[in-house]
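Numbering (our numbering), first residue to last: 53 to 1222.
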């Protein structure tokens, strides 16, 4: 007998596993009371079994009335508090308290095990949940002690349905008004097939939001092959095991209340962990419990991973870890590097807290000290507060044990800040009182300080970041031996950017990336020809031209125009953009330019500028508040809620800023590495109606951006560890220059560590500086760069090495003091007088590249902390100003025109005049290519002659240079053709149709009742292009040409009328073509032997003909569209001459909509035929 592969077999598999392997009870739909949404029989059994005295005393089952009151009370409490809270905390009914669930026992508790075993886990298949409609059945439901906890809809790919169909079933057939599906009454709802799983915590009809609950495959979406069964078997074999499900309900699932700052209303959200969150926290707890204190873990989780929830779950469960019968940690400290993230985490922690006294924030160093000393269980703080308490705490914390969770570890826990944190936790600020010699005392103090700098041995560190740097990987990453014998470091757990994008938690900010290139022209304004350093000069001139008002104005024009034409309508008309600038001066320049351009076009939108502190601008001190007209603190809310759509920033809001309405970014600053990822990732947050993002970059190349993102796309791995011997090499490099003696090294350290006065140190340092100044310029560069490299490398290595050299620490003490006193080695300015010798001539901006940047599906290795020193002083490349001028103009856009901007406007004017010529339009639309080109060239000659007095330089070149005239005519032909009758582009046309009609079809194309809209478009173009009988062959050319011009070209009123007549008159031919493709024969003649007209053709398509009489509100729009087409098609002249001009666009929309509607309703019969 063959294997059964249908949906019922999948139900059998799940239910059999739960009952046979996991001791679930098999429930029955007849035991489910739809009035209370409870398995009342199991509930009563559990209560009588576990709390007989309380049940008897309360009398809740003594009479039908008592029973009804008790069940109503329970039903209402589940509705109010949620099933998770009711299971955890039980139910108060009158003067009685009932336990509705026995929690997992603590370790080695036999009594707890017995109580837990009394819980009744049950599974019901085909649950009849609606008394009014008994035919409705849910595939699988999970109950605990009679309370429904989980629902499941299952589909089977082999029989043609998948998870998407299960989701559609939840959205359309599972009413959120039914008691079972109301918010909070179940912890989670799963839609699953044999390949993927999706979850939803709040069903709300069509707006139900399902999230992937998959393991991930190859650092992306989906699930790996399961050698022992179905890919999705983990759902019932792991998640739904009794203990795992209990663990989730006790430690993860939660109803949290958040306050909307705009509406000031509370919002309840039901939380269920995603797969990667669950695996991460469990893995960290497992490793923590089995290892020693002093471990370090690095978590590389992308934006969109739900990091705040992961940190919250980890913190609460670290607090509960025991060593014997004592807590493993005295306190859990959550460290974040930005104030706004501190606030975000604080709100998240308090939302999850079941005990308000367990969590507190440290707003000052003294508060933090008190929390640490008193053993406050969870402490929230910014990293900056740690360094403030180094002297206050001393060594009283050395016997305490801490768990330190670091959010965004890449920017807060390397070098000096980490050393301060470690000293606080290790309690190493106060020396012992034992009598020592002066030298021993100094060495002891240094040794104790060194010990404190290292990772505190009395603390575990859990570092979270989306973008680990080399220092972060080496500090917190897990070491492993590579094939070449080197020791690499990798994250303990990864949820990659790739997976977050593929699963839809963040958007791909590289999918629409456009770069612009700037071209400039300068000229000398001095007679002589002085020499300047070429490299410095080109850089200085570039900076000079970039800050010119013309440059700012031109870029601002591009931004404002692009925003209004391509961005403003996005996200339901709520899209915002950010402008990233190189500094405050440039940000303010853009602020005024953008607002002026917005006012000139009577736009409703305005710009906000954001920067830190006060700034001197055109002789006046300004700040954010004075420019914007409202306080700095209101920027985020104003940008989110008002008509302020441009946020122009100077090194602000580029990290840690989370605004889902941010759709587009205009970049006018160089970006490198991690900064590129952090800045552009401001766009990746998702929200309803946000389908894409856009970046327009004036500075960086697509290749540079791709390289920056590739590092963090999947797993980031450190290629090798930093070699500590490099410290010895650097010290040797420094000491060979003999700027200090061993005696001075020892003397300075003795005085410094014995708190000697300042005047005791400076003579030693000044003598060293004097020796440094006697070195040659080359030696000074070599020596100073070695000093800086030593300090940088030692600050890092001292935090992670088990032991460090006393010699290194003494050297660092001296060198850190000395380096601040050494003279600056800035390169001489070999461009003095350059700017005064040149003038800014002209500027143009040109679109360079539009790209979807594709990242490689590969992990990335990065190099360890750099320890190299600077190269020697480069010889200046002195060149004359005339040569530099020529080179600059060749690099950035030389031209012969007196005013390129005037010429560009003239070209646009000629193009538009020729485009508006009716003879040219008719030729472009109706004649062959040669005739159209001839008509266009003649019109161009006429228009140029008409404007000869105005366009003197352009017309002179046009008339006197035949080669230029031909190139010019060709340019005009190409532009006019693109405007009137562009080349047929089916991909772009499909995009235009999708944008124009997706709202019309949103309620129909759900993938269940009808195919999805993208499939409708695919079938439509297949229909248009398909070969059929000769009588219908002309339809292909007419429809392609008409639709291409309608949606991709400029229009006249008479064009609209022509195209409308073409579309309406050929709708019946389109229906005949569908019929032929469905049945393989022409549509039959009508009874009187004539060819079918429109009404006759429609009768073969019941879902179209029914539109004429329908009263279904859902179909009202298409009823109107059909009536438009039917009415005008049956006019005697079959034209649209008497249709009012203002109704033509709507009529055309209705006509095209009916072509697409006919395609949609015919899709099932066309399947496999196109």
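From the three backbone atoms N, C-alpha and C, an ideal C-beta is built for every residue, glycine too. Bear in mind the structure is a predicted one, so any value in this text is a computation, not a measurement.
Open item on the list: Check whether the region 252-260 and the region 268-282 are in contact - that is, three or more C-beta pairs closer than 8 Å.
Closed with: With a cut-off of 8 Å on Cβ pairs, the region 252-260 is not in contact with the region 268-282, counting fewer than three such pairs.
- [ ] Would you list the residues sitting across from residue 252 in a DSSP beta bridge?
- [x] 241
TODO: Please report how far the alpha carbon of residue 1161 lies from the alpha carbon of residue 1155, in whole angstroms.
DONE: 11 Å
TODO: Just tell me which of 1121, 1092, 1072, 1049 has its CA closest to the CA of residue 1083.
DONE: 1121
Task: Start and end residues, beta strand (DSSP E) containing residue 217 - done: From DSSP, residue 217 is part of no beta strand (DSSP E) but of the alpha helix (DSSP H) over 215-225.
Task: residue 280: first and last residue of the uninterrupted beta strand (DSSP E) it sits in - done: Careful: residue 280 lies outside any beta strand (DSSP E) and carries neither H nor E.
Task: Residue burial classification, residue 1188 (beta-carbon count within 10 angstroms, cutoff 16) - done: Below a pLDDT of 50, predicted positions are generally treated as unreliable, and residue 1188, at 45, falls in that range; no measurement from the model is reported.
- [ ] Assess, as a yes-or-no matter, whether the region 67-80 is touched by the region 170-177 under the definition of 3 or more beta carbon pairs within less than 8 Å.
- [x] Yes: the two stretches touch, three or more of their Cβ pairs being nearer than 8 Å.
Open item on the list: So within the region 522-575, which uninterrupted alpha helix (DSSP H) runs reach at least 4 residues, ignoring any that extend past its ends?
Closed with: List check, alpha helix (DSSP H) in window: 522-528, 549-554.
Task: residue 832 versus residue 872: straight-line alpha-carbon distance, rounded - done: Cα to Cα, the separation comes out at about 14 Å.
Task: Boundaries (first-last residue) of the beta strand (DSSP E) holding residue 629 - done: 628-633
Open item on the list: Given this structure, state the Cα-to-Cα distance separating residue 978 from residue 1092, to the nearest angstrom.
Closed with: 14 Å
Open item on the list: Please tell me whether residue 413 and residue 433 are closer than 8 Å, where the distance is taken between their beta carbons.
Closed with: yes
Task: Strand pairing of residue 658, partner residues [DSSP] - done: According to DSSP, residue 658 bridges with 696.
- [ ] Over the uninterrupted alpha helix (DSSP H) stretch that includes residue 758, give me the two end residues.
- [x] 754-762
TODO: Please decide whether residue 409 counts as near chain D, where near means a Cβ-Cβ distance under 8 Å.
DONE: Considering every chain present, this structure includes no chain D. It has just one protein chain.
Open item on the list: Among 759, 431, 168, whose alpha-carbon lies nearest the alpha-carbon of residue 409?
Closed with: 431
Task: Proximal residues to residue 685 (C-beta, below 8 Å), its chain only, five neighbours per side dropped - done: Counting only Cβ-Cβ distances below 8 Å, and skipping sequence neighbours, we find nothing.
Open item on the list: The alpha helix (DSSP H) that contains residue 369, what's its start and end?
Closed with: 359-372
Task: Counted within 10 angstroms of its Cβ, other Cβ atoms place residue 226 as buried (16 or more) or exposed - done: buried
Open item on the list: Bridge partners for residue 668 per DSSP, in chain order?
Closed with: 673
Open item on the list: So, under 8 Å CB-CB, residue 733 and residue 355 are touching, yes? Tell me the CB distance rounded to an integer number of Å.
Closed with: 6 Å
TODO: For residue 237, count neighbouring C-beta atoms within 10 Å of its own C-beta (all shown protein chains included) and say buried if the count is 16 or more, exposed if not.
DONE: Sixteen is the threshold: when 16 or more other Cβ atoms of the shown chains lie within 10 Å of the Cβ of residue 237, as they do, the residue is buried.
TODO: Go through its chain and collect everything with a Cβ distance to residue 319's Cβ below 8 Å, but skip five positions before and after it.
DONE: 309, 310, 311, 312
- [ ] Could you check how far apart the C-beta atoms of residue 1123 and residue 1149 are, in whole angstroms? I think they sit under 8 Å.
- [x] 4 Å
Task: Per-residue burial, residue 529 [other beta carbons within 10 Å of its own, 16 or more giving buried] - done: Flag for residue 529 reads buried.
Task: Segment limits, alpha helix (DSSP H) that includes residue 329 - done: 327-342
TODO: Spatial neighbours of residue 1027 within its chain, please: CB distance less than 7 Å, with the 5 preceding and 5 following residues excluded, ordered by chain position.
DONE: The answer, listed in chain order, is 963.
Open item on the list: Do residue 984 and residue 976 count as a contact pair if the criterion is CB distance below 8 Å?
Closed with: yes
TODO: Work out the CA separation of residue 1142 and residue 1179 for me, nearest whole Å.
DONE: 21 Å
Task: Segment contact flag, the region 775-782 with the region 739-747, C-beta cutoff 8 Å, min 3 pairs - done: no
Task: Contact between the region 1098-1108 and the region 1064-1084 (3+ Cβ pairs under 8 Å) - done: no
Open item on the list: Below 8 Å on the Cβ atoms is my contact criterion, and I expect residue 362 with residue 333 to pass it. Report the Cβ-Cβ distance as a whole number of Å.
Closed with: Their Cβ separation, rounded to whole angstroms, is 6 Å, which keeps residue 362 and residue 333 in contact under 8 Å.
Open item on the list: Measuring straight from C-alpha to C-alpha, what distance separates residue 66 and residue 235?
Closed with: 25 Å
Open item on the list: By alpha-carbon positions, which one of 814, 780, 789 ends up nearest to residue 859?
Closed with: 780
Open item on the list: Do residue 384 and residue 458 count as a contact pair if the criterion is CB distance below 8 Å?
Closed with: no
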